[in-house]
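Counting with the UniProt record's numbering, you get residues 1 to 604 for the letters of the first sequence.
Below you'll find the structure, written out as structure tokens, and then a few comments.
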Amino acid sequence: MIMSARRIFTSAGRFFHFQLQTEMGIIQFPSLLFTNYFHSSTSMHVPEDAKSQRFLRSKFKDVDDALASFNHIILMRPLPSIAQFCRFLSALVGMKQYHTVISLCRTIESLGISHSVYSLSILINCFCRLHLVNFGFSILGKFIKFGLEPNTVTFTTLINGLCIDGKINGAVDLFNDMVSGGYQPNVHTYNVIVNALCKSGKTNVAIKLLKGMGERGCEPDVVTYNAIMDALCKDKLIIEALNLFSQMRNKCISPSVITYNCLIQGICNLGKWNQALALLKEMAGQNISPSIFTLNILIDNLCKEGLVSKAQAIMKIMIQKGVKPDVVTYNSLMDGFCLCNQMDEATKLFDQMVSGGIANVCSYNILINGYCKSRKIDEATKLFDEMLKTSVVPNTVTYTTFIKGLWEAGRPGNALEVFKSMCSYGQQPNVITFSTILNGLCKQGNLDEALTLFKAMEKSRLKVNCVSYNILINGMCRAGRLTDAKELFSRLFEKGLQPDVYTYSIIIKGLCNEGLLDEAYKVFRGMEECGCLPNDCCYNVIIQGFLRHKDIPEATLLIDEMVDKGFSADATTFELVIHLLRNDDLILTKLRNHSKCSKGANFK
DNA sequence: CTAGGGTTAG
């Protein structure tokens, strides 16, 4: 990892070196004056014949096509230039063939061709994409060997590599070092940092950086805005995203299809279809045609709403507009069928995908999940076994889905067997895998075993999240072990984790069930201060607590408050109210009127 | 010829 980077001026002030302090020691870079001197005669002859030129193109049918070309061009004499190899390598990077590019670089070197800043940056990028950022840094040594000086692109690539590995602090350090080393970051550099901040939930920091960019001599572009708008949309902050959208247009930065995709996705997630369709129209009216991403966003959201036939209709329209559905489209559609329990349709589509050769690991996962959810564990098992015979490798999601299904089908023994096999096949269980097992143990009533597993999770380098806590706190509450539940609840805060609405609902319910209404009420009122707004479930839980303990006045106040906030009573709350307040027409009328115009349970 | 943004599964 880079600790510091600076240009060192000699006493004469004419020659300077760029010095990098790395984990592997100090690397010194000669100045450009030297490198130019050493590399004044590296120009290559370009092969003239048309047949050879054909192989030097940068577009290829597939990986095999590209490799065939490579095998041809390395036989050319004179050899193609490093620039020509760069075009070629870049095409392979586009196909995500990072391993191949690394080994081809070795071949290129062994042919006696010198690297360029471009080719080494491509190489660094490949290591970074393979999560081998330290190997990326070690390539800096090659810059010395070839007498080259890394440039802004090189450093941006490394900063991105650190971001890919979640080392955002290291990325920011390198960014600062790069600046103090005299390398001016450009909009790409800023965008890498902005994107990493957004992806790690630090959208506010990203927005600050966006605002400061201009002063630092680098104006944000459409990519900067897109990254931030996407993060805001994913946090359901559509208004803020739309504000940035108009700010961007005021600066005369034209939105792209990606801008619209981010916004459409955000708006679809809130179920605002009319607004989403309005954006789609606006997009057509502008510099913009929907992409496969647009189609997939629409299809996926419609399917999740259970509107599979609408999704199919949109797909037809899009096909007419020239957007071809891809594996993601079909996966979403398949998931849609699964969600409305049309397993035959899902299976039919899956079979078509398999025979078309496009089914991927996600397709298998969706169908296995569908079978598990519809209690067809034998079908799921069959599919899982079939998968092992194909070239599609099951991943952590596959195993976790199957483990969950087995546990829910009452086969904990088989679930643990699959867990063992996943480890022996080198698939790393993650926090979701362990949470699935934790959930299984809790549902079985093996709370002590669950607690042991949980403690092991905390000790490991897995990041235990709020969901893991929710599962265990819920298990403890249901078993009446409120002391354990409360201890876990406070430990969650100590760990610096943010409880969510589920955590609060669980603990409030637990407290209510034990008759600790005052304490439950305190927690309920404390939610907002902790930045977590109560939802309808929280209201229903606390109201039910008061109703069950015959505290009608408090329940009435809370019902008023809930209705004012636009939430509805659920079936249980309603039953309790009917039972207890048979004569209180006022409150019943209020609940009834509200339930008519909301999604709440249907009452008579 | 090198760096950045959007879609699916647990």
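Glycine included, C-beta positions come from ideal geometry on N, C-alpha and C.
Task: Proximity to D560 [Cα-Cα], best of T572, N540 and L197 - done: Residue numbering aside, residue 560 sits at position 560 when the first sequence is read from its first letter. Of the listed residues, the one whose Cα sits closest to D560 is N540.
- [ ] Could you check what DSSP says for H188 in three-state terms: helix, strand or coil?
- [x] The residue labelled residue 188 in the question sits at position 188 within the first sequence. DSSP, reduced to helix, strand and coil, places H188 within a helical segment of the structure shown.
Open item on the list: According to DSSP, is I139 part of a helix, a strand, or is it coil?
Closed with: Your numbering for residue 139 matches position 139 in the first sequence. Coil, per DSSP.
Task: Cβ contact (3+ pairs, closer than 8 Å) linking the segment 232-249 and the segment 265-275 - done: yes
- [ ] Decide if Q84 is buried, meaning its Cβ has at least 16 other Cβ atoms within 10 Å, or exposed.
- [x] Here residue 84 refers to the residue found at position 84 when the first sequence is read from its first residue. Counting Cβ neighbours within 10 Å, Q84 comes out buried, since at least 16 surround it.
- [ ] Measure the Cβ-Cβ separation of D221 and I253 and say whether it is below 8 Å.
- [x] Position 221 of the first sequence, counted from the first residue, corresponds to residue 221. Position 253 of the first sequence, counted from the first residue, corresponds to residue 253. For D221 and I253, yes; Cβs fall inside 8 Å.
Task: Three-state secondary structure (DSSP) of Q342 - done: Taking the first sequence and counting its residues from 1, one reaches residue 342 at position 342. Coil, per DSSP.
Task: Nearest-angstrom Cα separation, counted from T203 out to L242 - done: Position 242 of the first sequence, counted from the start, is the residue given in the question as residue 242. Position 203 of the first sequence, counted from the start, is the residue given in the question as residue 203. Computed Cα separation, rounded: 15 Å.
- [ ] Let me know the secondary structure DSSP gives K199 once reduced to three states.
- [x] As a working note, residue 199 is residue 199 in the first sequence. It is helical.
Task: Contained alpha helix (DSSP H) runs [length at least 4] in the segment 204-246, N- to C-terminal order - done: Fully enclosed alpha helix (DSSP H) runs of 4 or longer: 222-234.
Task: Classification of D177 by the beta-carbon crowding that lies within 10 angstroms, buried from 16 upward - done: Here residue 177 is taken as the residue at index 177 of the first sequence, counted from 1. D177 comes out buried.
Task: First through last residue of the alpha helix (DSSP H) which encompasses C530 - done: Taking the first residue of the first sequence as position 1, residue 530 is located at position 530. Run containing C530: none; DSSP gives neither H nor E here.
Open item on the list: Assuming contact is defined by CB atoms lying nearer than 8 Å, are C303 and L339 in contact in what I supplied?
Closed with: If you number the first sequence from 1, residue 303 lands on position 303. If you number the first sequence from 1, residue 339 lands on position 339. Result yes, Cβ atoms of C303 and L339 sit closer than 8 Å.
TODO: Could you give the DSSP three-state label for F567: helix, strand or coil?
DONE: Position 567 of the first sequence, counted from the first residue, corresponds to residue 567. In the structure shown, F567 sits in coil (DSSP, three-state: anything other than H, G, I, E or B).
Open item on the list: With a threshold of 6 Å on Cβ separation, who are the neighbours of V46 within its own chain once the five nearest residues in sequence on each side are excluded?
Closed with: On the first sequence, position 46 is the one that residue 46 refers to. Caution is warranted here: a pLDDT of 41 is assigned to V46, below 50, making its placement in the model unreliable, and the coordinate value is therefore given only provisionally. Correct list: empty, nothing qualifies.
Open item on the list: Please report the straight-line C-alpha distance between S110 and P78, rounded to a whole angstrom.
Closed with: Looking up residue 110 in the first sequence gives position 110. Looking up residue 78 in the first sequence gives position 78. Their backbone Cα atoms lie some 15 Å apart in a straight line.
Open item on the list: Let me confirm a value: V464 is counted as buried when at least 16 other C-beta atoms fall within 10 Å, else exposed. Which label applies?
Closed with: Along the first sequence, one-based indexing puts residue 464 at 464. Classification of V464: buried, given that the 10 Å Cβ count is 16 or more.
Open item on the list: Suppose you measure from the CA of E219 to the CA of K251; what does that come to, to the nearest Å?
Closed with: Numbered from 1 along the first sequence, position 219 holds the residue referred to as residue 219. Numbered from 1 along the first sequence, position 251 holds the residue referred to as residue 251. In a straight line, the C-alpha of E219 is about 10 Å away from that of K251.
Open item on the list: If I measure Cβ to Cβ from L591 and keep anything under 6 Å in the same chain, skipping five residues before and after, which residues do I get?
Closed with: Reading the first sequence from its first residue, position 591 is the one you call residue 591. Correct list, in chain order: A569.
- [ ] Kindly list the residues whose CB is nearer than 6 Å to the CB of T398, restricted to its own chain and excluding five residues on each side of it in sequence; keep chain order.
- [x] Here the question's residue 398 lines up with position 398 in the first sequence. Here the set comprises N365.
Task: Ordered list of beta strand (DSSP E) runs contained in the segment 460-492, each at least 3 residues - done: none
- [ ] Rounded to whole angstroms, what's the CA-CA distance from T503 to Y521? Just pull it up for me.
- [x] Locating residue 503 in the first sequence gives position 503, counting from the first residue. Locating residue 521 in the first sequence gives position 521, counting from the first residue. Those two C-alpha atoms are separated by around 15 Å.
Open item on the list: Quick test of your reading: S116 and I82, contact by CB under 8 Å. State the CB separation rounded to the nearest angstrom.
Closed with: Numbered from its first residue, the first sequence carries residue 116 at position 116. Numbered from its first residue, the first sequence carries residue 82 at position 82. Contact holds; Cβ gap of about 5 Å.
Task: CA nearest to the CA of D448, picked from G545, K208 and R481 - done: On the first sequence, residue 448 is found 448 positions in, with the first residue counted as 1. With distances taken between Cα atoms, D448 lies closest to R481.
TODO: Throw me the rounded Cβ distance for the T436 and I403 pair, which I believe falls under 8 Å.
DONE: Here residue 436 refers to the residue found at position 436 when the first sequence is read from its first residue. Here residue 403 refers to the residue found at position 403 when the first sequence is read from its first residue. Confirmed, about 6 Å.
Open item on the list: I need the DSSP call for G526, collapsed to helix, strand or coil.
Closed with: Along the first sequence, read from residue 1 onward, the residue named residue 526 stands at position 526. Note: G526 maps to helix in three-state DSSP.
Task: Burial state of residue 621 (16 or more Cβ within 10 Å) - done: The question about residue 621 has no answer, for the chain in this structure spans 1 to 604.
Open item on the list: Suppose you measure from the CA of L576 to the CA of L547; what does that come to, to the nearest Å?
Closed with: Locating residue 576 in the first sequence gives position 576, counting from the first residue. Locating residue 547 in the first sequence gives position 547, counting from the first residue. Looking at the two C-alpha atoms, the distance is approximately 7 Å.
TODO: Determine, using beta-carbon pairs with one atom in the segment 314-322 and one in the segment 346-360, whether at least three such pairs fall under 8 Å.
DONE: no
Open item on the list: My output table needs one value for N134: the three-state DSSP class, helix, strand or coil.
Closed with: Position 134 of the first sequence holds residue 134. Of the three classes helix, strand and coil, the one that applies to N134 here is helix, per DSSP.
Open item on the list: Quick check on DSSP: helix, strand or coil for R411?
Closed with: Taking the first residue of the first sequence as 1, we reach residue 411 at position 411. Reduced to three states, the DSSP call for R411 is coil.
Task: The alpha helix (DSSP H) enclosing K509, as first and last residue numbers - done: In the first sequence, residue 509 corresponds to position 509, counting from 1. Note, K509: alpha helix (DSSP H), V501 to N513.
Task: Residues of its chain near T400, where Cβ-Cβ distance is below 6 Å and the 5 sequence neighbours each way are ignored - done: The sequence position of residue 400 within the first sequence is 400, counting from 1. Closer than 6 Å at Cβ, skipping near neighbours: I432, T433 and T436.
Open item on the list: Here's the rule: buried if 16 or more other CB atoms are within 10 angstroms of the residue's CB, otherwise exposed. What is R129?
Closed with: Along the first sequence, one-based indexing puts residue 129 at 129. It counts as buried.
- [ ] Measure the CB-CB distance between A311 and I299 and report whether it falls below 8 Å.
- [x] Mapped onto the first sequence, residue 311 falls at position 311. Mapped onto the first sequence, residue 299 falls at position 299. Cβ atoms of A311 and I299: closer than 8 Å.
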